[in-house]
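Since the structure comes first, as C-alpha cells, the remarks are kept for the end.
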Amino acid sequence: MNAGIEPFVTIYHFDLPQALEEEYGGFLSPRIVDDYKEFAELCFREYGGKVKKWITINEPWTISIFGYEQGIFAPGRCSDWVDPACQAGDSATEPYIVSHHVLLSHASAVNLYRQKFQKRQNGEIGIVLNCFWMLPYSNSTVDKAAAERAVDFVFGWHMEPITYGRYPKSMEANVGERLPKFTDEQSLSLIGSYDFVGVNYYSSFYAIESKMADQNRLRYQTDSLTEWKSEKDGIPIGPHGALFWLNVYPEGIRDVMNHVKHKYNNPPMYITENGTANSHHRSMEMSIQMSNWMNINKLSGCRA
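Sequential numbering of the sequence shown, starting at 1, is according to the UniProt record's numbering.
Here it is, written out as C-alpha cells:
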C-alpha cells in the first residue's frame, strides 16, 4: 500500500481450519456458513479501514472438484472407484453439497458487509470464479450444446446463483435430485451478492457430446454429458504449457468476458488470475523466465 498498490484481500483461499473439518466436516455441513461469516466479520472489522476490495472466496469450482470429486486437494475426498487413495467421499453428491454451502457462505459475508461495514468503510466485495472457455468440437448442434453445458458446469454453477438465485437449468436437468435446492430466502440473499466478479482464466478446451454415464458410477465429471479435448484432428487448441491441462489460448479470455457480459448482466469484472506454466526449473532467474516466448505470446494475446 505504501507503494501505491491497492490490495485485493481474499477471505478464503483453500485454507479451511482443520478443527472445523474434524468437528463437522467443514463445507459438507451447513454449520460452516455461520463460522465463515464470523471470520469474515473479524476481517472486515480489523482490516476494513485499509482494505477496499474484498474477495469472499477464491474458485469455488476448484474447492469442490479437487477436494471432493477427484480428491487431489484437501480434504482428499472422492468415491473409492475414482481414486482408491480416497478413504471417504462421494463424487456424485459431495461436490454439489460443498458448492451449495460455499455459495451460502459467500452470500452471508456479502450481506453482512453491506449491512454493517460497506457504507463507513467505502469498500467493495466480490467473488473469484475460474473459467475454462469451451469451443464446440464440431459445428453439430449437439457439440454446440455440449460446449454451452460445459461452461454452465464450470462457470455457471456459481455465477448463475449469485446473479439469478438459481443453478443453471442444464445442471438441474442433468444432476437432478443430487443438486441441492435453495430456499426462497437463500435465493434472495444470493441475487446480486457481489460488487464485482473476479475471473481466473488459463486455458480453453473443445467440448464434445458424450454418452450417459454408468448409473452406478455417477460423478460430477460425467454429469455434464460432455468430454473435454485439448486437440482437434491432432492439432492442439494452443501451444502446450508445462501443465498437462494448460494450452495457451489467449482468445478464450475475450470469449469468457463476453459470455459474462451478455449472460450475467455485464457486471464489473477484474482479471484476477491469468498466465501459463513455465517448464524451466523454479530457480531460473526471473528475467530469463520473462523472456520466454510462450509467456510473452500469452500475455500479448490476452491484451489484444
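Quick reminder that beta carbons are idealized off the backbone N, C-alpha and C, glycines included.
Contacting residues, own chain, Cβ-Cβ under 6 Å from residue i (five flanking each side not counted)
| i | result |
| --- | --- |
| N122 | none |
| A40 | I11, A109 |
| H158 | P60, L129 |
| N58 | T10, H13, V128 |
| T272 | V128, G198, N200 |
Residues near residue i in its chain [Cβ-Cβ closer than 8 Å; skip 5 each side]
| i | result |
| --- | --- |
| V9 | C43, Y47, V51, K53, W54, I55 |
| W81 | R217 |
Classification of residue i by the beta-carbon crowding that lies within 10 angstroms, buried from 16 upward
| i | result |
| --- | --- |
| P84 | exposed |
| P136 | buried |
| D223 | buried |
| Q18 | exposed |
| D34 | exposed |
| I72 | exposed |
| I63 | buried |
| G252 | buried |
| M1 | exposed |
| M212 | exposed |
7 Å Cβ cutoff met for residue i and residue j
| i | j | result |
| --- | --- | --- |
| I208 | D143 | yes |
| K232 | Y202 | no |
| A107 | S187 | no |
| Y36 | S105 | yes |
| V154 | F132 | yes |
| L225 | S210 | yes |
| Y220 | G238 | no |
| P75 | E21 | yes |
Sheet register partners of residue i (DSSP bridge)
| i | result |
| --- | --- |
| E227 | I208 |
| W54 | V9, I125 |
| M134 | F205 |
| H240 | N247 |
| M257 | DSSP, once it has assigned bridges, lists no residue as partnering M257. |
| residue 338 | Residue 338 cannot be examined here, being either before or after the span of the chain that is shown, 1 to 304. |
Residues near residue i by beta carbon distance below 7 Å, same chain, minus five either side
| i | result |
| --- | --- |
| L218 | A92 |
| A277 | G241, A242, L243, L246 |
| residue 329 | Residue 329 is absent from the structure shown; the chain starts at 1 and stops at 304. |
| S89 | Sequence check: residue 89 is Gly here, not Ser. Closer than 7 Å at Cβ, skipping near neighbours: Y68, G71, R77, C78, S79. |
| S230 | F205, P236, I237, N247 |
| L112 | K37, A40, E41 |
Contact with chain B by residue i, beta-carbon distance below 7 Å
| i | result |
| --- | --- |
| Q70 | The structure shown contains no chain B; it holds only a single protein chain. |
Practice task
Could you say if the segment 66-74 and the segment 145-163 meet the contact criterion of at least three C-beta pairs nearer than 8 Å?
Solution key: no
Handout entry: Touching by the beta-carbon criterion (3+ pairs, under 8 Å), the segment 180-197 and the segment 261-276
Key = yes
Practice task
Say whether the segment 71-91 touches the segment 1-8, bearing in mind that this needs 3 or more beta-carbon pairs closer than 8 Å, one atom from each stretch.
Solution key: They do not touch, by the three-pair rule.
Exercise for the section: Check whether the segment 25-33 touches the segment 93-100, counting contact only when three or more Cβ pairs, one atom from each stretch, lie closer than 8 Å. Expected result: yes
Problem - Three CB pairs or more closer than 8 Å across the segment 157-168 and the segment 113-129 - result: Contact check between the segment 157-168 and the segment 113-129: three or more CB pairs, one atom from each, fall below 8 Å, which counts as touching.
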